[in-house]
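Residue numbers (the numbering used here), protein chains in the order written: chain A, 348 to 490; chain B, 348 to 490; chain C, 348 to 490; chain D, 348 to 490. Taking it in order: structure first as structure tokens, then the write-up.
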């Protein structure tokens, strides 16, 4: 079943830069928060995955900055799992400003599963099944 | 004339995360340092551009994480200007670990020129000329 | 009336470092979030103060790190206004781990009011009155 | 022998905030860079200490912000070891703007030595001897 998820964050002053807007690097930790939330909504905390000795490592990021976010803004991050492979997942994100609803930012992130030594690993079957059940079916059909 | 530029940085402890490696978001400020250095090597400090009322805003980022960087590593960021348009530039980057020479990370960044209010602006002629003179000619030929 | 305030935050992965715990510098943005929340609870957003041309600038920080916070932890930041002067305020903070209730961190921050040019300013009377009404009376009595 | 040490850093754009100056939290990673440099100047890299299973954990920070640093500024961080105990060290720092020489910031940091599990440990004799030899003698005399 398709499982998109919304995470709400208030822009922190420390996330702004001298242009008066959120620094472009600060969106990546937001995506990480959103992924963590997405997993919590599914019943797993990412720290559990690390406790089992697995690490979901970022292998690729693509991001488009459409409109600036500012201190005082509240943003909504819509996250969905776009694709699951035996060793790899792809998340996609849209960030909106709550209030005017403007789309500020879109991104994807690719992740690979590794062990503590950094070697590529396959998802444990239960985790893979859980992820597959929750990926965007439209994507799975077309991808 | 093609103008690549090398910037050297030592990984800061504060840039690592609980995986024991540099957090993926920390590479973006490194690219910003590298762009600043690239401009300094050409005789302009980016703060001068802002003093003239222009802002070079990040509009897109693409990044591939190939191997982790760790505290204690020294990295070399090779930067070059891939493409200049009247209102837009694209930089490309490769980050290597000094020592073993391993390629750790590749990325591009697209930037648009705006004024203080965020409206799109054309590069002032002298700045445009300077940028055009220093873009990667191989890219200009093929692009 | 004494006005302490609780802010709840989930530790972000990006806030951890290679020791596996929250990096000591990451607590300062948390305090900033907590101050912002404290003001919102009083009916003012800090961005409004900046819109009036005032800046509450950090002039001093003191912090004790008692126990580490980790990814997966939820923390509670208790904030109170310890002292108000015509141009200066002091906030104090305690950070607890939700769950075991352990005290992780204590801190204070001193702030001065400036204008856009960085010159020292007095609080506007309404803002001063609002702050004075909400400082810790026990402190005001003994201080 | 008294061993103060100077570290030079260029302000990064990502270190600024919407006030147009360096965010107060960003000075703490600078102090960490300065401590690392201080140790390198003595012939030890901090990552070696961690490889031996020791962690130098920040237990207290005190910082005064005197004048803002801005993007485009180069700063000099003067570091010295103020005090060594069997399980604890105290560093002190002054940060100056290169150019006008203005003192921008002063701070101290207290650190305790722990093992990987976070238990307090004594410095290994050679490391303690090295540290004692390099602390500020004036402080040792008066402290």
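For every residue, glycine included, the Cβ atom is placed at its ideal position computed from N, Cα and C. Bear in mind the structure is a predicted one, so any value in this text is a computation, not a measurement.
Check the Cβ of residue 367 (chain C) against every Cβ in chain B and list those closer than 7 Å, keeping chain order.
-> 365
Taking three-plus beta-carbon pairs below 8 Å as touching, is the region 450 to 463 of chain B in contact with the region 383 to 392 of chain B?
-> no
Between residue 378 (chain C) and residue 482 (chain B), what straight-line distance do the alpha-carbon atoms span, to the nearest angstrom?
-> 44 Å
Would you list, in chain order, the members of the region 402 to 416 of chain D that have their beta-carbon closer than 9 Å to a beta-carbon of chain C?
-> 402, 404, 405, 406, 407, 408, 409, 410, 411, 412, 413, 414, 415
Could you check how far apart the C-beta atoms of residue 428 (chain C) and residue 478 (chain C) are, in whole angstroms? I think they sit under 8 Å.
-> 6 Å
Contacting residues, own chain, Cβ-Cβ under 6 Å from residue 383 (chain C) (five flanking each side not counted) | 393
Quick one: using the 10 Å Cβ neighbour count with 16 as the cut-off for buried, is residue 355 (chain A) buried or exposed?
-> exposed
Proximal residues of chain A, C-beta to C-beta of residue 380 (chain C) below 9 Å = 357, 359, 360, 361
Residues in its own chain within less than 8 Å of residue 471 (chain A) by CB, not counting five upstream and five downstream?
-> 399, 401
Under the three-state reduction of DSSP, which class applies to residue 384 (chain D): helix, strand or coil?
-> helix
Within 7 Å (strictly less), CB to CB, does residue 392 (chain B) reach chain A?
-> no
May I ask you to report which of helix, strand or coil DSSP gives residue 364 (chain A)?
-> coil
Chain B contacts from the region 441 to 468 of chain D (Cβ-Cβ distance under 9 Å) = none
Kindly indicate which three-state DSSP category residue 423 (chain A) falls into: helix, strand or coil?
-> strand
Buried or exposed for residue 488 (chain B), please, with buried defined as at least 16 other CB atoms from any protein chain shown within 10 angstroms of its CB.
-> Residue placement at residue 488 (chain B) cannot be trusted, given a pLDDT of 44 that sits under 50; what the coordinates show is reported in the next sentence. Residue 488 (chain B) comes out exposed.
Spatial neighbours of residue 406 (chain B) in its chain, beta-carbon cut-off 7 Å, leaving aside the 5 residues before and after = 457, 458, 459
Between the beta-carbon of residue 476 (chain C) and the beta-carbon of residue 372 (chain B), is there less than 7 Å?
-> no
Could you work out which residues of chain A lie near residue 372 (chain D), taking near to mean beta carbons separated by less than 7 Å?
-> 361
Note down, in chain order, every chain C residue with its Cβ under 8 Å from the Cβ of residue 375 (chain D).
-> 371, 372, 375
For a contact meaning CB atoms closer than 7 Å, what does residue 418 (chain D) contact in chain F?
-> In the structure shown, chain F cannot be found, because the protein chains are A, B, C and D.
Is residue 424 (chain B) closer than 7 Å to residue 408 (chain B) when the C-beta atoms are compared?
-> no
Candidates A:411, A:410, A:397: closest to residue 491 (chain A) by CA position | Beyond the ends of chain A as shown, which are 348 and 490, falls residue 491 (chain A); an answer cannot be given.
Residue 456 (chain C) (DSSP reduced to helix, strand or coil) | strand
With burial defined as no fewer than 16 other Cβ atoms inside 10 Å of the residue's Cβ, what is the status of residue 420 (chain B): buried or exposed?
-> buried
Short Cβ contact (7 Å threshold) for residue 380 (chain D) with residue 359 (chain B) | yes
Cross-strand partners of residue 476 (chain A) (DSSP beta bridge) = The partner list for residue 476 (chain A) (beta bridge, DSSP) is empty, contrary to what the question assumes.
Same chain, Cβ closer than 6 Å to residue 433 (chain D), neighbours up to 5 away in sequence not counted = 469
Minimum C-alpha distance to residue 440 (chain A) - residue among A:370, A:364, A:376, A:369 = A:376
Exposure label - residue 413 (chain A); buried when at least 16 CB within 10 Å = exposed
Assign residue 463 (chain B) to one of two classes, buried (16 or more other C-beta atoms within 10 Å of its C-beta) or exposed (fewer than that).
-> exposed
Own chain, CB closer than 6 Å to residue 436 (chain B), minus 5 neighbours either side, in chain order | 458
Coarse secondary structure for residue 401 (chain A), derived from DSSP in three states | coil
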